[in-house]
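Residue numbering for the sequence shown follows our numbering, beginning at 7 and increasing consecutively. The beta-carbon is built from N, C-alpha and C at its ideal position, and this holds for glycine as well. Predicted model only: the values in this text are computed from it and were never measured.
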Amino acid sequence: MYFIRLLRPFTVLFVFINILFFNIDGFASSKHILILNSYEADYPATSDWFSGLKNTLNNNENINFTYSNEYFHLLYFGQQPDYLQEMARHIASKYKQHPPDLIISDSYLLSYFNSYLEKIFPNTKILCLDPSCDKISAYNKSANIIPIQGFGNEYQKNIPLILNLFPETKKIIVIVNDSYFGKRAIKDISLSSNKYKNTVNFVFTNKMHYAEMIHEISYSPPHTVIFFLGWNSYLHDEHLSSIQMFNHIKENTNFPIFTLNPYYIGNGAIGGYINHWDKLGQQTATISLDVLNNPSHKNSYTIAPINEYIFDWNQLNRWNISTQVLPINSQVKFEPLSFWQHYKHWLIIGCSIIIVQAFFIAFLLFTYQKRKKAELEIKNLNNNLENTIHQRTAQLQATIAELTNIKYTQDATNKYLIKLNQQLQTKAMTDELTGLYNRRYALEKLKQLIKNYNTNHTNFSLAITDIDFFKKFNDSYGHDTGDFVLISITQSMRFLLPNNFIVSRWGGEEFVILMPETNVTEAAAVLDEFRQTLAEKIWTYNLQQLHITMTFGITAVQVNDTADNLLKRADAALYSGKENGRNTIVIK
C-alpha cells in the first residue's frame, strides 16, 4: 500500500507528459470559415477552389476547421429589390449563435460587405478575392476587408494565343454572361484587342438570349473562333449550367473552341491559358492561416500565378496544329503513347532473353570446339542435353497450358458470380409482377432525396396513388384480371410519365411516385394529365371491357421532413380523394 502511494505522483506526471507530447491534437483549436459565393453552386471552378482550400487547411495539425457555404445567385436575383437585405437577415440569423472566425468571398460582393456584413460581424476579418484592382479604393472603407489580388489576367494571353494558332481568324465569338465577371472580361478583352480591331471582329454574347447566341455561332462565316468563358441560361424552364451550355455550343458549331477553365479540356475545347482553381484555393488557405495566426498580418496579399497553357492533343490533331508552335512549357493532355512507351517493358524482357540465349549458344559452341576430339562423347552429351531440353520444354508447355485453363475457368466463374450477384440485387429491389421498383427501394430513394434536400435544397415531390375499386376487378373477373390491370397501369406509367419520375409498387394496388426537382404544382399537372388519359381509355381482357381510374395524393418536401412525415401527408391526401369520389388528385 505504501509502495502504491509512492508511485502516485509519478503516475500523474507520466499522464501529463503523455498528453503534452503525444496527444497534441487534443488541444487543437477550432475555427469556422464562412464562404460567400456570388454565383450558384454548380460552377466547377467553385468546387475546385473549395477543394484546394479545404485540403490545405485540413492538413494543419493545430487547428480543426469547419466550413459553411452561402450562394447569392447574383446573376439571377441580384437586381431584385431588398434581395441583399434579405440575405443579410438570413446570414445574421443563421450565424448569430456561432459567428465565423473568418469570411472568404469575391469582390463582386464588395458593396454587400460595406452595407451589411460588417454590421453583422464587426470583428471578423474578410478575405476578398479580387481578380482586378478596379475596386481597390473600396477596401479603404474597412480595416476588416483584406484583398487578395494577382490573378485574372488570363484574357490578355488567350487572344494572342488564338491568333497565333489560327492566323486567318476573322471573327472571335466570346461566350460570356452579363455578370460582373462577364463585364470585366469584356473590358479586358476589348482593351487588349484594340490592335486587332481592323482585322478581327469581336462578338460578345452577354446581351444575347440562348436562341440568338446559337444562331450567331451556327451561321458565322469561316475563320471564326469561339472563346468560351462561361454562360448560364434557362431553356424551356430548365436551368443550364456552364458545362451544359458548353455542350450545346459544341453540338451546334464546327469552329475551334478555346477556354480558360480546365474542365472543358477533353470535352471538345482545344485549350488555352488555363486557370488552376485548386491552386488558387491552396494559396487562399495559406493566406487564411496567416490572417488567423498572425495579428500583424498584411493589409493585402498578392498570389503567385495560377495559370498554365494546357491543350487537348486530339483537338490539336483535329485542327492540324503542331505542338511545336505552342507556347513554351505548354502541357498537352491525352497524347497517345509511342510504340516504345507502350511496349518498352516487353522489349527489354525480350532482348534480355535473346542475349541470355545468345550467350548460352556461344558457350555450347565454345565447348564443342574445345572438345572436338572427344566427338563421340560430345555427341552423346548433346543428345542427352537435347532430350532433357525437350522434356523440360514439354513439361513447361503442359504446365503453362494447365495454368491457362485454370485461369480461364476462374474468369468464367467470377463472371458468373458477378452476373448472379447483379441479378440478386435487381430482384431485391424489383417487384416481381410489374417489374417496378419495390417498397424497399422506394424508401431508400426517398431517404436519399430528403438528404439531398437538406444538403443542397434540391426540391422534390411525392405521390401515393392506387387503383379505384381494384377489389371489384379481382372479385368480378378473377385475380388474373387484377394482375392484368396492375401490369397495364405499370406500362402506362412507364410510357406516359417523365423519365426522371421514380415509380414503385408500394403494395397491392398502391404505387409511390418520387418526382425529383419537381415542385408540387408541376407534379400535380403531370399526374392529372396522366389520370385523365387513363380514365378515357377502355381496356379489354378476356372479352371484358375494363374502365380503370386512379386517385392521387400529392405532397412536396418541407423543412425538417422525414420519410414517415411525407408518406403520411401523401396518404392523407389520397384518402381525402377517395372520400370525395375517387378519380381525382389531392394536394397536401
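Straight-line CA distance for residue i to residue j?
i, j, result
"I470", "F517", "6 Å"
"N300", "S99", "29 Å"
"K584", "D474", "8 Å"
"I412", "Y269", "44 Å"
"D31", "E67", "Because the pLDDT of D31 is 46, which lies under 50, any placement of that residue in the model is unreliable, and the number read from its coordinates should be weighed accordingly. In a straight line, the C-alpha of D31 is about 7 Å away from that of E67."
"N267", "I151", "28 Å"
"K213", "N183", "8 Å"
"G274", "A448", "38 Å"
"N29", "S35", "Here N29 scores only 44 on pLDDT, less than 50, and its place in the model is too uncertain to base an answer on."
"S113", "F340", "36 Å"
"V315", "L322", "Per the sequence presented here, residue 315 reads as Tyr, with Val not at that position. If I take the Cα positions, the gap works out to 13 Å."
"N200", "I249", "30 Å"
"G513", "S57", "44 Å"
"K543", "I554", "8 Å"
"W545", "V491", "9 Å"
"N204", "F187", "26 Å"
"P106", "A291", "15 Å"
"D108", "I220", "In the sequence as displayed, the identity of residue 108 is Leu instead of Asp. Computed Cα separation, rounded: 43 Å."
"F369", "S328", "51 Å"
"T133", "P153", "Before going further, note that residue 133 is Leu rather than Thr in the sequence given. Distance between the alpha carbons of L133 and P153: 6 Å."
"F27", "N65", "Reliability fails at F27, whose pLDDT of 45 lies under 50, so the model's placement of it is uncertain and the value that follows must be treated cautiously. So the two alpha carbons sit approximately 19 Å from each other."
"I142", "N305", "Below a pLDDT of 50, predicted positions are generally treated as unreliable, and I142, at 49, falls in that range; the measurement from the model is reported next regardless. Rounded to whole angstroms, I142 to N305 spans 12 Å at the Cα level."
"A310", "L295", "17 Å"
"E92", "K102", "15 Å"
May I ask you to report which of helix, strand or coil DSSP gives residue i?
i, result
"F172", "coil"
"K451", "helix"
"F27", "With a pLDDT of 45 at F27, under the threshold of 50, the modelled position of this residue cannot be trusted, and the question is left open."
"D534", "helix"
"G356", "helix"
"M93", "helix"
"N4", "Outside the displayed range of the chain (7 to 594) lies residue 4, so it cannot be described from this structure."
"N127", "The amino acid occupying residue 127 in the given sequence is Phe; Asn does not appear at that position. It is coil, neither helix nor strand."
"L133", "strand"
"A310", "coil"
"N253", "helix"
"Q403", "helix"
"P333", "coil"
"P153", "strand"
"S302", "coil"
"L246", "strand"
"L343", "coil"
"Q375", "helix"
"L584", "Per the sequence shown, residue 584 should be read as Lys rather than Leu. Note: K584 maps to helix in three-state DSSP."
"Y225", "coil"
"S328", "coil"
"H215", "coil"
"Y101", "coil"
"D417", "helix"
"P87", "coil"
"N389", "helix"
According to DSSP, what are the bridge partners of residue i?
i, result
"T265", "F234"
"V592", "G559"
"W545", "L552"
"E76", "L42"
"V338", "F317"
"N323", "N323 is not bridged to any residue."
"A51", "According to DSSP, which records beta bridges pairwise, A51 is partnered with nothing at all."
"M436", "The amino acid occupying residue 436 in the given sequence is Thr; Met does not appear at that position. Y443."
"A275", "I271"
"L108", "I39 and K131"
"F71", "K37"
I believe residue i touches residue j by the beta-carbon criterion, under 8 Å. Please report the beta-carbon distance rounded to the nearest angstrom.
i, j, result
"R537", "M556", "6 Å"
"I223", "I255", "6 Å"
"K442", "L468", "In the sequence as presented, Lys is not what sits at residue 442; that position holds Leu. Going by Cβ atoms, the distance from L442 to L468 rounds to 16 Å, so no, they are not a contact pair."
"S198", "Q162", "4 Å"
"D54", "D284", "5 Å"
"I519", "T561", "Actually they are not in contact, since the Cβ atoms of I519 and T561 sit about 11 Å apart, beyond 8 Å."
"F264", "N164", "6 Å"
"E76", "I97", "6 Å"
"G287", "F317", "Between F317 and G287 the Cβ distance is about 24 Å, and since that is not below 8 Å, they are no contact."
"I493", "T410", "Not a contact, Cβ separation roughly 48 Å."
Scan the stretch 173–213 and note each continuous beta strand (DSSP E) run of 3 residues or more that stays entirely inside, going in chain order.
-> 177–182 and 207–210
Would you mind listing the beta strand (DSSP E) stretches within the stretch 442–524 that are 3+ residues and don't spill past its ends, in chain order?
-> 466–473, 508–513 and 516–522
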